[in-house]
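First residue of the sequence shown: 1, per UniProt numbering; consecutive thereafter.
We treat Cβ as the ideally placed atom computed from N, Cα and C, and that holds for glycine.
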Amino acid sequence: MTLIGKRLNDQNYRAWIEARNNSFAVPLGFSVTDPTLFDYQPSQNFAASFYSEVKSRWLIRRRLFIEIWALSSKPGMLGTACKTVLTLLRGAELTNFANISQWLLVLNPELFCWNTMTKSLPLILRAYKKYISVGPLADWIELILPDEHVREFHHNTLKVPFTIARQMAITYGNSTLSQVDGTDRSTETQMLVDEAMMIVRTAGGARTVDTQAIRAWRFNGYQNPELEKLLDNTGSSRPVATPLPSPNIGDRMRPGHLS
């Protein structure tokens with residue numbers, strides 16, 4: 001059932017299958033080398049076909065998800081398996097939005113003092129508003145609503161901020177995102193990525209000449225006292241600010257999620 005939210009291809013199939021075996025083995029009481037697990041491995045062709053079918057028929061995908069949700073409350077191995085499926089499906093098809101939330105809104109909010117990034121803020125906030133509109137099912141929103149009702153999360157809508165967030169994630173340790181597409185590869189956007197990385201590095205650095213330049217940076221022709229305050233009040237090597245009310249999917253900051 002995890003296939004209702006994952007498109008597999010030549011690049012990710014083998015690693016994904018191995019990771020799923022590990023995810024199910026421990027909670028279900030199997031060894032990761034137990035042949036029983038391998039008996040249930042879908043072929044790459046089946047996985048791709050199944051995903052395409054349920055993706056194009058949102059009512060079927062929604063129904064499958066609801067069944068998994070209902071069965072997750074059952075005792076025994078079936079309930080445990082369905083709880084595991086829900087955990088693995090959390091954030092399905094929300095990679096761009098999740099990384100924008102984590103790497104831009106939560107970890108590097110100073111970027112929104114930058115005029116280039118403020119242009120994307122209304123689109124990000126619109127996506128966040130849609131995200132919270134479904135309450136405790138927010139992390140699975142792509143699996144329960146038709147495509148025309150989740151356009152706020154489409155790659156084209158959030159392409160530029162995701163391109164920046166993706167590079168930050170890769171730079172600071174999440175190399176698996178290098179396999180994720182949906183970025184803007186234009187020269188202009190790559191220049192924005194370089195500039196954003198420079199702002200983050202200098203804002204979080206020691207009191208060097210570059211850091212002082214960030215403190216005196218003028219955004220939109222105005223001084224940036226809020227950024228100066230943020231930098232002055234942090235005692236760590238990078239800014240530590242109170243997180244915005246944003247959906248940090250990885251850390252589960254929003255209450256009411258499935259336990």
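For residue i, three-class secondary structure by DSSP
{"i": "asparagine 96", "result": "helix"}
{"i": "serine 52", "result": "helix"}
{"i": "isoleucine 85", "result": "Inspection of the sequence shows that residue 85 is occupied by valine rather than by isoleucine. Three-state DSSP puts valine 85 in a helix."}
{"i": "glycine 135", "result": "helix"}
{"i": "serine 186", "result": "coil"}
{"i": "tryptophan 114", "result": "coil"}
{"i": "arginine 126", "result": "helix"}
{"i": "glycine 91", "result": "coil"}
{"i": "arginine 57", "result": "coil"}
{"i": "valine 150", "result": "coil"}
{"i": "threonine 157", "result": "coil"}
{"i": "glycine 79", "result": "helix"}
{"i": "aspartate 181", "result": "coil"}
{"i": "leucine 64", "result": "helix"}
{"i": "leucine 121", "result": "helix"}
{"i": "phenylalanine 219", "result": "Legend: pLDDT at phenylalanine 219 = 42, less than 50; position of this residue unreliable, value from coordinates given subsequently. Correct three-state label for phenylalanine 219: strand."}
{"i": "serine 72", "result": "coil"}
Cβ-based burial, residue i [other Cβ within 10 Å; buried from 16]
{"i": "phenylalanine 24", "result": "buried"}
{"i": "threonine 56", "result": "Note on identity: in this sequence residue 56 is serine, with threonine being the wrong assignment. Serine 56 comes out exposed."}
{"i": "phenylalanine 38", "result": "exposed"}
{"i": "alanine 70", "result": "exposed"}
{"i": "methionine 168", "result": "buried"}
{"i": "alanine 19", "result": "exposed"}
{"i": "alanine 165", "result": "buried"}
{"i": "aspartate 139", "result": "buried"}
{"i": "glutamate 93", "result": "buried"}
{"i": "leucine 107", "result": "buried"}
{"i": "glutamate 61", "result": "The sequence given here places arginine at residue 61; glutamate does not occur at that position. It counts as buried."}
{"i": "residue 265", "result": "Because the chain is modelled from 1 through 259, residue 265 falls outside the range shown and cannot be assessed."}
{"i": "phenylalanine 97", "result": "buried"}
{"i": "serine 83", "result": "The sequence as given places lysine at residue 83; serine does not occur at that position. Classification for lysine 83: buried."}
{"i": "phenylalanine 46", "result": "exposed"}
{"i": "tyrosine 222", "result": "Only weak support exists for where tyrosine 222 lies, its pLDDT of 44 falling under 50; the value from the coordinates is given anyway. Exposed, because fewer than 16 other Cβ atoms sit within 10 Å of the Cβ of tyrosine 222."}
{"i": "proline 109", "result": "buried"}
{"i": "threonine 202", "result": "buried"}
{"i": "glycine 91", "result": "buried"}
Residues of its chain near residue i, where Cβ-Cβ distance is below 6 Å and the 5 sequence neighbours each way are ignored
{"i": "methionine 117", "result": "Leu111"}
{"i": "tyrosine 51", "result": "Leu3, Arg7"}
Cutoff 7 Å; reference residue i; Cβ partners in own chain excluding five residues on either side
{"i": "threonine 95", "result": "Val180"}
{"i": "arginine 126", "result": "Glu152"}
{"i": "leucine 78", "result": "Leu71"}
{"i": "glutamine 44", "result": "Leu8, Tyr13"}
{"i": "threonine 189", "result": "Val160, Thr163"}
Integer Cβ distance of residue i from residue j, believed to fall under 8 Å
{"i": "isoleucine 199", "j": "leucine 158", "result": "That pair is no contact at about 19 Å."}
{"i": "proline 161", "j": "serine 120", "result": "5 Å"}
{"i": "glycine 182", "j": "leucine 89", "result": "With 8 Å as the limit, glycine 182 and leucine 89 do not qualify as a contact, their Cβ atoms being about 19 Å apart."}
{"i": "isoleucine 163", "j": "aspartate 184", "result": "Note that residue 163 corresponds to threonine in the displayed sequence, not to isoleucine. That pair is a contact at about 5 Å."}
{"i": "isoleucine 141", "j": "tyrosine 128", "result": "About 11 Å separates the two Cβ atoms, so there is no contact after all."}
Residue i at chain C interface by Cβ criterion, 8 Å
{"i": "aspartate 10", "result": "Protein chain content of the structure displayed is limited to a single chain, and chain C is not contained in it."}
Cut-off 8 Å between Cβ atoms - residues of its own chain near residue i, not counting five sequence neighbours on either side
{"i": "leucine 123", "result": "Glu152, Thr157, Leu158, Pro161"}
{"i": "threonine 80", "result": "Pro27, Leu28"}
Q | Continuous beta strand (DSSP E) assignments of at least 3 residues falling wholly in the segment 2-47 | A | Runs of the beta strand (DSSP E) inside the segment 2-47: none found.
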